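Below: one structure, written as structure tokens.
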Amino acid sequence: MTGLPLIVGISGASGVIYGIRMLEVLRDLGIETHLVMSRSGEVTIAHETDRKIADIKALASHVHAQSDIGAAISSGSFRTRGMIVAPCSMKSMAEIATGTTSGLLARAADVVLKERRRLVLMTRETPLHTGHLRSMTQLSEMGAIIAPPVPAFYPRPATLDDMIDHTVGRVLDLFDIDAKLVRRWKADEAADITPGEPAAESASKTASPRGRPDLRRLS
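Heads up, our numbering is the position in the sequence shown plus 530, with the first residue counted as 1.
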């Protein structure tokens, strides 16, 4: 294991695959993880995936019960890189915003904020009402990063896995962790340009009709 550990929280919003994939990637990178799941998160896993809870817990270096308020991650003296809540439900977000630490997930996030460490919330809800937006603003003012799992289309993803990996990679970028999952915007532009040829003409060679990504394979 390399460097300080990273806390991963999985709450009860739709999109639990982001938290699961995050654990897989961090494990493969050799980064120590501390996992805490809310009860609603476990229920959502059963609805949205065929994964067993035990298998998901096995992806983490350490697992803490939501009710374990004495866990290492409940104290600021336990040093970490920070925390990712993936996905983050509106309930969990509201608790974190108001300091209502009814369980370990919210408590760990509260600790990360008070210690001025990085907290990234992959909020999953739409549409958003004013209360949601105010909570997001409050959290941003407190130092958290609101990072909804919005898919990117410029890499022209062929599968849902491509979309998930890109989003996971972008969130890990916020911790200066390069998981090699992100196709960087224009990173290969120089290699695509033929000497003496305008960049716009070179780019047009590989563009899909009308410049739109071909997502037919996603259906």
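Idealized CB from N, CA, C, for every residue including glycine. Source: prediction; values computed, not measured.
Query, Result
"Neighbour-count burial assignment, Tyr684, 16 or more Cβ in a 10 Å radius", "exposed"
"Short CB-CB distance (under 9 Å) between Glu645 and chain D", "Structure shown: chain D not included; a single protein chain is present."
"Euclidean distance between Cα positions of Asp637 and Ala616", "According to the sequence provided, residue 637 is Arg. The question's Asp does not apply to it. Rounded to the nearest angstrom, the two C-alpha atoms are 16 Å apart."
"Reduced DSSP secondary structure (H/G/I, E/B, other) of Arg569", "helix"
"Per-residue burial, Pro681 [other beta carbons within 10 Å of its own, 16 or more giving buried]", "exposed"
"Closest residue to Gly533 among Arg609, Ala624 and Trp715 (Cα-Cα distance)", "Arg609"
"Beta-carbon gap between Val701 and Ala677 smaller than 9 Å", "yes"
"Supposed contact pair Ile586 and Ile550 - C-beta distance, whole angstroms, cut 8 Å", "6 Å"
"Contact test: Val712 Cβ vs the ligand SAH heavy atom, cutoff 8 Å", "Here there are no bound small molecules, and the ligand SAH is not part of this structure."
"Reduced DSSP category for Gly661 - H, G, I as helix; E, B as strand; rest coil", "helix"
"Reduced DSSP category for Thr667 - H, G, I as helix; E, B as strand; rest coil", "helix"
"Three-state secondary structure assigned by DSSP to Ala616", "strand"
"Whole-angstrom distance between Tyr548 and Thr697, CA atom to CA atom", "8 Å"
"Strand pairing of Val650, partner residues [DSSP]", "Ile614 and Ile675"
"Three-state secondary structure (DSSP) of Ser544", "coil"
"Simplified DSSP state of Ile537, which is helix, strand or coil", "strand"
"Arg713 versus Phe705 - alpha carbon distance", "17 Å"
"Three-state secondary structure (DSSP) of Thr628", "helix"
"Cβ pair count under 8 Å reaching 3, the segment 579 to 594 against the segment 618 to 631", "no"
"Length of the line joining the Cα atoms of Ala588 and Val566", "12 Å"
"Where Val593 sits in the DSSP three-state scheme", "strand"
"Proximity winner among Gly606, Glu554, His564 and Gly661, relative to Arg581 (alpha-carbon distances)", "Glu554"
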